[in-house]
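Chains as they are written, first to last, in this note's numbering: chain H, 11 to 327; chain B, 11 to 327.
In structure tokens form, the structure reads like this:
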């Protein structure tokens, strides 16, 4: 009988599902779907919705629940090694034993729960830009900066479920503006979409010659990277600042855990090589000889990384 | 028949040996000795010396080599997960398969090799300041700054044997002076014995009122911490700078690997609470909420940490 795994990447606006059929050594995502989330539902309401959707789809696709070998769930907040979510602002969750609740709601015994950025790293290692590696760090440059660390093929969760909080590595101890977390000088203040825009806005009034000057409040990270690629001097300066701090953060990560490879993903990473080349340059400038010249590559799976990582987390091979 | 483990912590001036007898669940270091090293011997000469010393002492203590269940060796340089040393400036080693060579030279089949700072962390977890923990980071503040990371009870080696290079985390990207490694702004430039003295010397001529002023070239890290404890204003300012960067580095480490506890060891740590309290203050200032308030404690085993960690690395329980 065919064996299935279901991955659910839960976000503040939607939960992305993937149905994966394992057949011998060849696997395949047979179906994808999503359900809207509000970010405000009580945890039992949201988890009930997810379980209902799994059960409905199994009926629709003629899959008996006994064929579901595992369910993996990604949550945008810290998750401990027992599958308990420890406060998740994006979902309005306090301390919620997601693993146990989902076991009961689905009747599936094998439920695994992980942080969304961590499972995305696992997904990229399984099917994406880090295939063939076992020790990787993924950095997701989006509205904020997230991260995932995989050591020896397994997600490194950390003692408080807060490992790989890459966005909050201090890269500029003399920063005077506050990060969203309340600290000063976090990577997120320079390398997230919001951070790059913040950097550009600070001195934009001194640069009427820049194409960014006329953008006003609509200025986006994409505008800045596009302008830099076209040679706009001020945009180049801003990008250089941003990738310098990214390179420093990667170097600091390497000094701690010495991975085989870094993956850069998230919306900002759509800018592509301008980020990779800049990060490499500053990574090497700030790294110990034994750590220099590590591979830094773009993530490949986009929005599917988390869902695929959830499937892998549940045990698919 | 009694089972023994032998630990050898190799340094540039001496190798420290410990003979450990495992009897039921109670273990004991029965003998300690050391042999001088030059830091210049060819690797086969040095390793030959170590093996000879092990064999001589076993004869002296009436131990048959078949009773030696394991030999653990700590090396002051990067070591990969196969027990190969990858260049070690302190011992003048290139790439040396220490594990295989020592197996041949001693006839003991179970030889384990690790980086000295890593095995010291393991030693502290086994018998010292981190007893009862499984996920710790040890930072050694000596002439330089070293580190060891233990995850789930095992040393985290890293893909190039260069994990836990804590001393070379960038904490001040705007530093203009160079670290010994050639980079700028490494923790070692602020928190090592050399680093604290460097900080103090920079502005000492503007502070004739300080007790440090008259020390001249003999100024030591101990002088600075002692003066700070006595309330010398300039010394306090220097210590504050040093522990601020230490706290930032610990915070960055936590953002990557989220350990249960930090241990601070090495000669500089003899200054005691002034370092712990300062590091805690700045650690919390620069850390994400989920990571704040971690335990930061002094290491307890002093110079024996490495030797004990080697015994543990070899498999003693």
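Positions of the beta carbon are idealized from the N, C-alpha and C atoms, including for glycine.
Cutoff 8 Å: residue i Cβ touching any chain H Cβ
i	result
residue 293 of chain B	no
residue 86 of chain B	no
residue 265 of chain B	yes
residue 166 of chain B	yes
residue 182 of chain B	yes
residue 172 of chain B	yes
residue 178 of chain B	yes
residue 301 of chain B	yes
residue 161 of chain B	yes
residue 126 of chain B	no
residue 261 of chain B	yes
residue 145 of chain B	yes
Alpha carbon of residue i to alpha carbon of residue j, nearest angstrom
i	j	result
residue 83 of chain B	residue 42 of chain B	14 Å
residue 142 of chain B	residue 14 of chain B	23 Å
residue 251 of chain H	residue 200 of chain H	8 Å
residue 71 of chain H	residue 326 of chain H	19 Å
residue 214 of chain B	residue 227 of chain B	11 Å
residue 76 of chain B	residue 299 of chain H	41 Å
residue 233 of chain B	residue 93 of chain B	40 Å
residue 130 of chain H	residue 118 of chain B	44 Å
residue 52 of chain B	residue 102 of chain B	7 Å
residue 314 of chain H	residue 282 of chain H	18 Å
residue 235 of chain B	residue 151 of chain B	13 Å
residue 224 of chain B	residue 231 of chain B	15 Å
residue 275 of chain H	residue 138 of chain B	41 Å
residue 79 of chain B	residue 296 of chain H	43 Å
residue 111 of chain B	residue 312 of chain B	29 Å
residue 193 of chain H	residue 323 of chain H	32 Å
residue 68 of chain H	residue 133 of chain H	23 Å
residue 91 of chain B	residue 48 of chain H	47 Å
residue 159 of chain B	residue 128 of chain B	6 Å
residue 280 of chain H	residue 309 of chain H	10 Å
residue 24 of chain B	residue 206 of chain B	26 Å
residue 221 of chain B	residue 278 of chain H	53 Å
residue 109 of chain H	residue 123 of chain H	6 Å
residue 106 of chain H	residue 39 of chain H	29 Å
residue 74 of chain H	residue 37 of chain H	19 Å
Neighbourhood of residue i by C-beta, 8 Å cutoff - its chain only, sequence neighbours within 5 removed
i	result
residue 195 of chain B	180, 181, 182, 183, 184, 185, 189
Cutoff 8 Å: residue i Cβ touching any chain B Cβ
i	result
residue 185 of chain H	no
residue 270 of chain H	yes
residue 169 of chain H	yes
residue 105 of chain H	no
residue 200 of chain H	no
residue 175 of chain H	yes
residue 193 of chain H	yes
residue 298 of chain H	yes
residue 188 of chain H	no
residue 258 of chain H	yes
residue 313 of chain H	no
Chain-order list of residues whose beta-carbon lies under 6 Å from that of residue i (same chain, five-residue window excluded)
i	result
residue 17 of chain H	28, 82, 317, 320, 321
residue 272 of chain B	147, 260, 306
residue 172 of chain H	88
residue 144 of chain B	162, 163
residue 157 of chain H	127, 149, 174, 176
Paired residues, beta bridge with residue i - DSSP
i	result
residue 14 of chain B	B:31, B:78
residue 256 of chain B	Per DSSP, none; premise fails for residue 256 of chain B.
residue 69 of chain H	Per DSSP, none; premise fails for residue 69 of chain H.
residue 360 of chain B	Any question about residue 360 of chain B goes unanswered here, given that chain B covers just 11 to 327.
residue 196 of chain H	H:180
residue 41 of chain B	B:29
residue 272 of chain B	B:147, B:306
residue 120 of chain B	None, per the DSSP bridge assignment.
residue 211 of chain H	In the DSSP output, where bridge partners are listed per residue, residue 211 of chain H has none listed.
residue 83 of chain B	B:18, B:123
residue 165 of chain H	H:160
residue 249 of chain H	DSSP, once it has assigned bridges, lists no residue as partnering residue 249 of chain H.
Own chain, CB closer than 7 Å to residue i, minus 5 neighbours either side, in chain order
i	result
residue 63 of chain H	27, 45
residue 255 of chain B	181, 182, 197, 200, 201
residue 204 of chain B	153
residue 284 of chain B	235, 238, 239, 249
Check: residue i C-beta below 7 Å from any heavy atom of the ligand SAH
i	result
residue 148 of chain H	Only the bare structure without any ligand can be found here, which leaves the ligand SAH out of the picture.
Within 8 Å, do at least three Cβ pairs link the region 261-270 of chain H to the region 263-271 of chain B? yes
Would you check if there are 3 or more beta carbon pairs closer than 8 Å linking the region 274-294 of chain B to the region 84-101 of chain B? no
Is there contact here, the region 205-217 of chain H with the region 235-250 of chain H, by at least three beta-carbon pairs under 8 Å? yes
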